[in-house]
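First residue of the sequence shown? That's 24 in this note's numbering, and the numbers climb one at a time after it.
Data block below; observations after.
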Amino acid sequence: VQEANKIPAGRAALEKEWKKLESKPAWDLKGVREFDDVRAEAQRSGKTTHFGRVYPLCFVKHSELSPELRVYKGRVVFQGNNVTDESGFSALFSDQGTSASHLSAAKFLDAIARMPGNNGQDSDAMAAYTQAPHMGDPTWVRIPRERQPASWAKFKDPVCRLKKNLYGHPTAGAGWQ
């Protein structure tokens, strides 16, 4: 991301993604709380609560082409491989991504589409995951400091509730389907 921020097109792609998610809103910026307080409350109530991190990624599409044909793509994702519960243990999720039948159907469609005289495509809905509300146990996220509102400066370790599914969350695919 530091490299992408040095490139105007990369910086613009990341900003576009941040603004898209903030406008939904994908997380509750007004409901910010101190991590220790949220965790202690969850422990007292015995309610499973997850904690994770949101962070940006930037990719170059068509990197094999000449520079003027390349496209920068920004993504803000949930770090699904590093989720903890209210006790500080790694959170466990059942396997829930895209179903095997959808993957098989997409491969079958690709094979048919490549046969002489045929054409076909498979596509996800635009920003599919972020159209669906986050389901399951409450999930609180850490937002990078550079994206936090100035009002969060008083917090030592601010977290806010995840409201929409994000790429990377272990249950996002099941919520969309």
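Each residue gets a CB set at the ideal place from its N, CA and C atoms; glycine is no exception.
Residue range of the beta strand (DSSP E) that includes residue i
i	result
residue 74	73-84
residue 98	94-101
residue 184	181-184
residue 170	From DSSP, residue 170 is part of no beta strand (DSSP E); its letter is neither H nor E.
residue 137	It is not in any beta strand (DSSP E) - residue 137 carries neither H nor E in the DSSP assignment.
residue 164	162-165
Which listed residue (the options) has its alpha carbon closest to that of residue i
i	options	result
residue 188	160, 180, 141	160
residue 91	27, 162, 32, 64	32
residue 183	176, 162, 177	162
residue 109	70, 137, 89, 79	70
residue 185	165, 176, 43	165
residue 95	180, 26, 178	26
residue 44	24, 179, 77, 34	77
residue 181	64, 107, 106, 58	58
residue 42	84, 97, 75, 88	97
residue 190	35, 177, 40	40
residue 129	60, 138, 143	143
Residue environment, residue i, which counts as buried when at least 16 other CB atoms sit within 10 Å
i	result
residue 30	exposed
residue 82	exposed
residue 73	buried
residue 168	exposed
residue 62	buried
residue 196	The predicted position of residue 196 is uncertain, since its pLDDT is 47 and thus under 50; a value taken from the coordinates is nonetheless stated next. Burial call: buried.
residue 111	exposed
residue 37	buried
residue 49	buried
residue 200	Confidence in residue 200 is poor, its pLDDT being 41 and thus under 50, which makes the residue's placement too unreliable to answer from.
residue 75	buried
residue 114	buried
Run of the alpha helix (DSSP H) containing residue i, from where it starts to where it stops
i	result
residue 41	31-46
residue 24	Neither: residue 24 is in no alpha helix (DSSP H) and is coded neither H nor E.
residue 61	58-68
Does the region 130-141 touch the region 89-106, meaning 3 or more C-beta pairs lie closer than 8 Å? Contact between the region 89-106 and the region 130-141 is absent: fewer than three C-beta pairs spanning the two stretches fall below 8 Å.
Validate contact between the region 169-181 and the region 48-63 using beta carbons, cut 8 Å, 3 pairs: Judged by Cβ distances under 8 Å, the region 169-181 makes contact with the region 48-63, as three or more pairs qualify.
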